[in-house]
Amino acid sequence: MIIGDANQPRAPARARLFLALWPGTRERASLLAYQQQCAWPRGSSPVKAERLHLTLHFIGAVERSRGPEIAAGLQLPVAAAGTFDAFELSLTRAEIWPRGLAVLRAPEVPDALQQLHADLGKALRALHLPVESRPLRPHVTLARRAAASLLPKEPPSLRWPIDSYVLVESTLGAGGGYRLWRRYGCGDG
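For what it's worth, my numbering labels the leading residue of the sequence shown as 263, then goes sequentially.
Given below as structure tokens:
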């Protein structure tokens, strides 16, 4: 019986997880088009297209063996008070935040997004996972180390229909990236 490929590195015992809104093809293209209009200074680090997302909750490192339990526990039941309804998110403000983060953010947090964030927080607590106490500031990070960046004068206008959220693993190291563990649709419960 083959347990694993000897040439493949073993997965770490812990996985770094987060919940996010993951852009579709059209939204990702719009984010990338706006990102490419920005003048990034030398030493800045624009986020790669496949890594653009909006974090809802950073979970952190958890035992990989808890993966199935966590994935199942983050499915919001449709019949419960925490029903996840589809909504639209407008990302129309480009800003440079402290520590050189260039972001595209929502000027207002839609009630449906606040509710989704709160319901996912409850689900995380029920799984005995950490929940950040700071308020939700919905944004997509466009670049890091970008304090001296020049953003286009014309504000972006991205209208993003939200009908799902994802559980994602962040892998570290030279080949690091993101691996989608599960997508949750608004009608999946």
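Beta carbons: idealized from backbone N, C-alpha and C, even for Gly. Predicted, not measured: the structure shown is a model, and the values here were computed from it.
Check: Near P417, what residues of its chain come up, given a Cβ to Cβ distance below 8 Å and the 5 sequence neighbours on each side ignored?
Finding: Excluding sequence neighbours, P417 sits near T354, R355, A356.
Margin query: Does the contact criterion of 3 or more C-beta pairs under 8 Å hold for the region 290-297 versus the region 379-393?
Written below: no
Checklist line | Residues near H379 in its chain [Cβ-Cβ closer than 7 Å; skip 5 each side] | finding: L318, L398
Margin query: As a quick exercise: from R313, R326, A301, F346, pick the residue whose alpha carbon is nearest that of R276.
Written below: When only C-alpha atoms are compared, the closest one is R326.
Notebook entry, point to check: In terms of residue numbering, what span does the beta strand (DSSP E) encompassing H390 cover?
Noted result: Neither: H390 is in no beta strand (DSSP E) and is coded neither H nor E.
Next item on the list: Can you tell me which of the three DSSP states E350 falls into?
Entry: strand
Check: Contact between the region 408-427 and the region 292-308: three or more CB pairs below 8 Å?
Finding: yes
Note to self: In this structure, how does DSSP classify L413 when only helix, strand and coil are distinguished?
What the structure shows: In the structure shown, the three-state DSSP call for L413 is coil.
Checklist line | 6 Å Cβ shell around G362 - same chain, five flanking residues per side excluded | finding: R407, A408, A409
Notebook entry, point to check: Exposed or buried, Q297, counting other C-beta atoms within 10 Å across all chains shown (16 or more means buried)?
Noted result: buried
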